[in-house]
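Protein chains in written order, with numbering that gives the first Met the number 0: chain A, 0 to 516; chain B, 0 to 364.
Cβ atoms here follow ideal geometry from the backbone N, Cα and C, with glycine treated the same way.
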Amino acid sequence: MSYKLGIDVGGTNTDAVLIDDQNRILSQIKTPTSEDVMTGINKAVVSVLDQVDIRRDEIGHAMLGTTHSTNAIVTRKNLLKTGVIRIGKPATMCIEPMIDWPVELLEAASCGTYMITGGHEFDGREIFPLDEEEIRQACADMKGKAEAVAITSVFSPVSSAHEDRALAIVKETLGDIPVTVSNEIASIGILERENATILNASLNKVARVMAEGFQKALKEAAVTDAAVYICQNDGTLMNIDYAVEYPILTIACGPTNSIRGASFLSGKEDAIVLDVGGTTSDIGVIKGGFPRESSLAVEIGGARTNFRMPDLNSIGLGGGTIIHQTENDFTIGPESVGYQITDKSLVFGGKILTATDIIVRLGMAEIGDSSLVASIDKEFAQAVFDRMMETVSNGIDRMKLSKDPVPVVLVGGGSVLIGDKIDGVTELIRPESFGVANALGAAISQVSGQIERVYSLDQIPRDEAMEDAKKIATEEAVKAGADESTISIVEVDDVPLAYLPGNATRIRVKAVGFLKQ
Amino acid sequence: MRILNEKAIEHMALGASLLGTGGGGDPHIGKLMALDAVRKYGPVTLLSADELPDDALIVPSAMMGAPVVIIEKLPNGQEFIHAFKGLEGVLGKKVYATIPIEAGGVNSMIPIAVAAQLGIPLVDADGMGRAFPELQMVTYHLDDIPASPMVIADEKGNTVILNTITNKWAEDLARVLTVSMGASVMISIYPMTGRQVKESAILNIMSFSEDIGRIIMEGREKNVLPLEEILETTKGHALFKGKITDVERKLEGGFNRGLCKLSGVDDYKDMSMDIDFQNENLVAARDGHIVATVPDLICIVDLDTMVPITTESLKYGQRVLVLGIPCDSKWRSPKGLETVGPRYFGYDLDYVEIEKLAETKEPLP
């Protein structure tokens, strides 16, 4: 027998599940997230294994979804001082790197910027040839100062040649230092891509400590034979080495795991997932078993970035949402009593009217002491509830891409708030074990292989180029640990590159499969 | 006359981006360029058109190129100086002030950066009252002011001086040069007198942009959607509320061209909208019926914040409001419609004013 262990670290709780090779849940645990994160993970691993009588060496895979990277950026702690190389001079000089970063983040994550002659035009021509001497000078200046390096070149998503060459020179001169090149992180939009690249480089140490800590926690729990993985925000796994290289891809993996766990529990591969918490509800979309991605500019810790993220619609409605009564009307939120619900809401003897009190008054849930809300006018409670459901229905409607009603999977601690019927929803599914959907999402994660390559369609027909890209992506997925018979192509993207000689097209393919048992 | 502070510049960038109707570039980059220049070279004075001497030399400054290129290959900064010095050399006269050619996230901000760098004032007026994709699409052209002599400067240090027989030739030649110079260049164009500005420009556009930007920003701070206020200030109409279900686009001759498909939410449930764009939004059809066309303004904004969305950042899944705003009356003249009406952009449609379309109960063909 081979078992899988999934752990998900959230803002409030650290959850763990143990599943067997049929993906049946054997045990589950919810523990408070500790301030240092790692203690909470240790505790969750130990407790979830203590509940069952299995041989620990039969745990074949262990997966961790964690907020280490997000926390490091938000608290500005443990970030590496990163030397920032931008290749593109004389273009781009009018806006310096990191110009709109908060000062504390700038000081924590960077140690100087270097503008280098080079870069490409939109059509792949060079603006100027790369000035290798300038790179060597920058390296000489960074020596002993920079703990990591981030390299961004103009139009590197079209041609990565200058980033590749600069990487080689940096490695040659500065030796074994973490380096991130921007074409591997994000796409067109130099300021946002550069920001994401710098953050990724500066997170290297956090990722390494996290990976080592997780391996140590497993060892202490006598889980010695497990292959260890870290969750990415697209719902697939990275091995430890990859996670240390690309820590920024772990940001927002929590909502992704929750969406995927909900999908698995409900058996729905195409649905909307409504995750109701204490303060907000997140609405995500699952398509073919994976979360839909958004690529809008997203601020992380005050820096604008443009790398891929799950597409979420957050609405200000959760169990602790405060209901304000006005003379003839009322408003719902957006403030919430949050985790203080057990002190502050009426059913727990508090003084603040919350969404939970409304549900208890209407007899839809038994929480706290229902006699404490008996004096609330029933018609008023019904009116509040109706408007809450309208908010949810509109929120769901905004995420749907077609007019047709869709199934909705309901998870999260606050899901009792939601009635039995929502407009525009065919079916409302409340899976069992919904509380650990995120840890389960981590445990059932798949592995992927990706390729992005420019093909000249004068040399090779489009169909053959596409087949070639799919073949390479599949091979990459197998290398990452996927079972070849389960691999499917989940994403195909081809962008014609205007004005490039030879009818060039950039093809991006992603293949995903289940872990080999 | 007044000095622009940083807050005013931020509001102008945001408001101008709404008037950019999807074009005119990314306001974030425009704002950073203007603020950077003001911090380096000192504050900028804004003059209203009636403060200009009649014989003063006023020169519009702008960036030309594909917005998707501008967000990747940022300018050097010095091309502004090259373009202006080049034109002063040809004309043998000092430039008194600069003026925007259009409203938009980048092209309302470039003149601020130019004014700061050259130490000259900025005029509170422009040539479009919105954004358009081509150089002859300015009110200056309607009054027969020649676009040339004009100067194109790139970040590499190249400058080209053009003398053309018509303003359309200026557009056609400049477009080819722009693509070969890397699809993002700086231009100085339509040199004119103070008197010509007073007669031909669309006045007070920077202050108007600032008002719009302030309303949107204050809405965000108070966490309310200032839709009514925006409609009142712009005399606009709410056309649609929905999410983007598809964006088809291609790069043609340095332009972004495409089609954005929307599906309705809330009051617009079960309805759809198609918006055609070429850098700017050109034609909006709701359930197959035209509800607004160029030169009226079709603006797509974020549904939660009313922050304008440019055509190059339209993405599948975004939730948006579509607003229609009447264009300046100069565009509704026969020469105006010949220059920027739907037929110029290849649509077999007669222009109908947005306020008439909004009143009409019967769907138009």
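(1) Taking C-beta to C-beta, are Arg55 (chain A) and Ala221 (chain A) nearer than 7 angstroms?
(2) Measuring straight from C-alpha to C-alpha, what distance separates Ser16 (chain B) and Asp342 (chain A)?
(3) Excluding sequence positions up to five away, which residues of its chain have a Cβ less than 7 angstroms from the Cβ of Ala195 (chain A)?
(4) Tell me whether Glu311 (chain B) is buried or exposed, calling it buried when 16 or more other Cβ atoms sit within 10 Å of its Cβ.
(5) Is it true that the CB of Gly234 (chain A) sits closer than 7 angstroms to the CB of Arg207 (chain A)?
(6) Give a yes or no on contact between the stretch 322 to 330 of chain A and the stretch 255 to 273 of chain A, applying the rule of three or more CB pairs nearer than 8 angstroms.
(7) In this structure, how does DSSP classify Phe90 (chain B) when only helix, strand and coil are distinguished?
(8) List, in order along the chain, the chain A residues whose C-beta lies closer than 9 angstroms to that of Asn75 (chain B)?
(9) Considering Cα atoms alone, identify which of A:Asp328, A:Gly287 and A:Gly283 is closest to Ala510 (chain A).
(10) Consult DSSP for Asn162 (chain B) and reduce its assignment to one of helix, strand or coil.
(11) Determine the DSSP secondary structure at Thr11 (chain A), reduced to helix, strand or coil.
(12) Ordered along the chain, which non-local residues of its own chain (more than five positions away) have a Cβ less than 8 angstroms from that of Thr177 (chain B)?
(13) May I ask you to list the residues that DSSP assigns as paired with Asp273 (chain B)?
(14) Could you check where the beta strand (DSSP E) with Lys234 (chain B) kicks off and where it finishes?
(15) To which residues of the same chain is Gly394 (chain A) closer than 6 angstroms at the C-beta, ignoring the five residues directly before and after it?
(16) Looking only at C-alpha atoms, which of B:His140, B:Ala82 and B:Gly91 sits nearest to Lys334 (chain B)?
(17) When the cut-off is 7 angstroms and only beta carbons count, does Val264 (chain B) lie next to chain A?
(18) Got a sec: is the Cβ-Cβ distance from Leu13 (chain B) to anything in chain A below 7 angstroms?
(19) Against chain A, which members of the stretch 24 to 55 of chain B pass a CB distance test of less than 8 angstroms?
(20) Residues of chain A with CB under 7 angstroms from Arg318 (chain B), in chain order?
(21) Is it true that the CB of Met11 (chain B) sits closer than 7 angstroms to the CB of Ser208 (chain B)?
(22) Between the stretch 107 to 133 of chain A and chain B, which residues of the former have CB atoms less than 9 angstroms from a CB of the latter, in chain order?
(23) For Arg291 (chain A), return the contacting residues in chain B, with the cut-off set at a CB-CB distance below 8 angstroms.
(24) Quick check on Ile187 (chain A) - is its C-beta less than 7 angstroms from some C-beta in chain B?
(25) Tyr40 (chain B) by DSSP, collapsed to three states: which one?
(26) Closer than 7 angstroms by C-beta to Ile506 (chain A): which residues in its own chain qualify, once you throw out the five before and the five after it? Chain order, please.
(27) Note down, in chain order, every chain A residue with its Cβ under 8 angstroms from the Cβ of Gly19 (chain B).
(28) How is the beta strand (DSSP E) around Leu409 (chain A) delimited, first residue to last?
(29) Smallest Cα separation from Leu90 (chain B): which of B:Asp303, B:Met149 and B:Met216?
(30) Report yes if the C-beta distance between Ile98 (chain B) and Ile57 (chain B) is below 7 angstroms; otherwise report no.
(31) Compile a chain-ordered list of the residues in the stretch 298 to 313 of chain A whose CB is closer than 8 angstroms to at least one CB of chain B.
(32) For the stretch 136 to 153 of chain A and the stretch 82 to 95 of chain A, state whether three or more C-beta atom pairs, one from each stretch, are separated by less than 8 angstroms.
(33) Once the 5 residues before and after Gly188 (chain A) are set aside, which same chain residues still bring their CB inside 6 angstroms of it?
(34) Which residues in the same chain as Leu48 (chain A) place their Cβ atom closer than 6 angstroms to its Cβ, once the five residues preceding and following it in sequence are excluded?
(35) Are the Cβ atoms of Val346 (chain A) and Gly367 (chain A) separated by less than 7 angstroms?
(36) Would you please state the rounded distance, in angstroms, between the beta carbons of Glu365 (chain B) and Pro325 (chain B)? I believe it to be under 8 angstroms.
Once the coordinates are examined:
(1) Position 56 of the first sequence, counted from the first residue, corresponds to residue 55 (chain A). Position 222 of the first sequence, counted from the first residue, corresponds to residue 221 (chain A). Their beta carbons are under 7 angstroms apart, which means Arg55 (chain A) touches Ala221 (chain A) by this criterion.
(2) Position 17 of the second sequence holds residue 16 (chain B). Position 343 of the first sequence holds residue 342 (chain A). Taking the straight line from one Cα to the other gives about 47 angstroms.
(3) For this step, residue 195 (chain A) is matched to residue 196 along the first sequence. Only Ile184, Ala185, Ile247, Thr304, Asn305 and Phe306 meet the Cβ criterion.
(4) For the purposes of this step, residue 311 (chain B) is identified with residue 312 of the second sequence, where counting begins at 1. Glu311 (chain B) is buried by the Cβ-count criterion.
(5) The sequence position of residue 207 (chain A) within the first sequence is 208, counting from 1. The sequence position of residue 234 (chain A) within the first sequence is 235, counting from 1. No.
(6) no
(7) Counting from 1 along the second sequence, the entry for residue 90 (chain B) is found at position 91. In the sequence as presented, Phe is not what sits at residue 90 (chain B); that position holds Leu. Helix.
(8) Taking the second sequence and counting its residues from 1, the one referred to as residue 75 (chain B) is at position 76. By Cβ distance, chain A contributes Lys88, Pro89, Ala90, Thr91, Met92 and Cys93.
(9) Translated into the one-based positions of the first sequence, residue 510 (chain A) becomes position 511. The residue with the shortest Cα to Cα distance from Ala510 (chain A) is A:Gly287.
(10) On the second sequence, residue 162 (chain B) is found 163 positions in, with the first residue counted as 1. Reduced to three states, the DSSP call for Asn162 (chain B) is coil.
(11) In the first sequence, residue 11 (chain A) corresponds to position 12, counting from 1. Of the three classes helix, strand and coil, the one that applies to Thr11 (chain A) here is coil, per DSSP.
(12) The residue given as residue 177 (chain B) occupies position 178 in the second sequence. Counting only Cβ-Cβ distances below 8 angstroms, and skipping sequence neighbours, we find Met63, Gly64, Ile151, Ser183, Val184 and Gly253.
(13) Position 274 of the second sequence holds residue 273 (chain B). B:Lys260 and B:Ala284, per the DSSP bridge assignment.
(14) Translated into positions along the second sequence, residue 234 (chain B) becomes position 235. Note, Lys234 (chain B): premise wrong, no beta strand (DSSP E); not H, not E.
(15) Sequence index remark: in the first sequence, residue 394 (chain A) carries index 395 (1-based). Only Ile282, Asn312 and Ile314 meet the Cβ criterion.
(16) Position 335 of the second sequence, counting from 1, holds the residue named residue 334 (chain B). Among B:His140, B:Ala82 and B:Gly91, the Cα nearest to that of Lys334 (chain B) belongs to B:His140.
(17) For the purposes of this step, residue 264 (chain B) is taken as the residue at position 265 of the second sequence. Yes, its Cβ sits closer than 7 angstroms to a Cβ of chain A.
(18) Taking the first residue of the second sequence as 1, we reach residue 13 (chain B) at position 14. No, no contact with chain A.
(19) His27, Ile28, Leu31, Met32, Asp35 and Ala36
(20) Along the second sequence, read from residue 1 onward, the residue named residue 318 (chain B) stands at position 319. Within 7 angstroms Cβ-Cβ: Arg397.
(21) Counting from 1 along the second sequence, the entry for residue 208 (chain B) is found at position 209. Counting from 1 along the second sequence, the entry for residue 11 (chain B) is found at position 12. Cβ distance < 7 angstroms, so Ser208 (chain B) and Met11 (chain B) count as in contact.
(22) Gly118, His119, Glu120, Phe121, Asp122, Arg124, Ile126 and Phe127
(23) The sequence position of residue 291 (chain A) within the first sequence is 292, counting from 1. What Arg291 (chain A) touches in chain B: Gly316.
(24) Taking the first sequence and counting its residues from 1, the one referred to as residue 187 (chain A) is at position 188. So, interface residue.
(25) Numbered from 1 along the second sequence, position 41 holds the residue referred to as residue 40 (chain B). In the structure shown, Tyr40 (chain B) sits in a helix (DSSP, three-state: H, G or I).
(26) Numbered from its first residue, the first sequence carries residue 506 (chain A) at position 507. Excluding sequence neighbours, Ile506 (chain A) sits near Arg452, Tyr454, Ala464, Met465, Ala468 and Asp493.
(27) By one-based count along the second sequence, residue 19 (chain B) stands at place 20. Those within 8 angstroms of Gly19 (chain B) in chain A number zero; the least Cβ separation is about 17 angstroms.
(28) One-based indexing of the first sequence puts residue 409 (chain A) at position 410. It spans Val405 to Val410 - the beta strand (DSSP E) in which Leu409 (chain A) sits, taken as one unbroken run.
(29) If you number the second sequence from 1, residue 90 (chain B) lands on position 91. For Leu90 (chain B), the nearest C-alpha among the options comes from B:Met149.
(30) Counting from one through the second sequence, the residue named residue 98 (chain B) turns up at place 99. Counting from one through the second sequence, the residue named residue 57 (chain B) turns up at place 58. In this structure, Ile57 (chain B) lies closer than 7 angstroms to Ile98 (chain B) by Cβ.
(31) Arg303, Asp310 and Asn312
(32) yes
(33) One-based indexing of the first sequence puts residue 188 (chain A) at position 189. Sequence-distant Cβ neighbours of Gly188 (chain A) in its own chain, meaning closer than 6 angstroms and more than five residues away, are Asn305.
(34) Position 49 of the first sequence, counting from 1, holds the residue named residue 48 (chain A). The answer, listed in chain order, is Ala220.
(35) Here residue 346 (chain A) is taken as the residue at index 347 of the first sequence, counted from 1. Here residue 367 (chain A) is taken as the residue at index 368 of the first sequence, counted from 1. Contact flag set, yes.
(36) In the structure displayed, chain B extends from 0 to 364; residue 365 (chain B) sits before or after that span and is not available.
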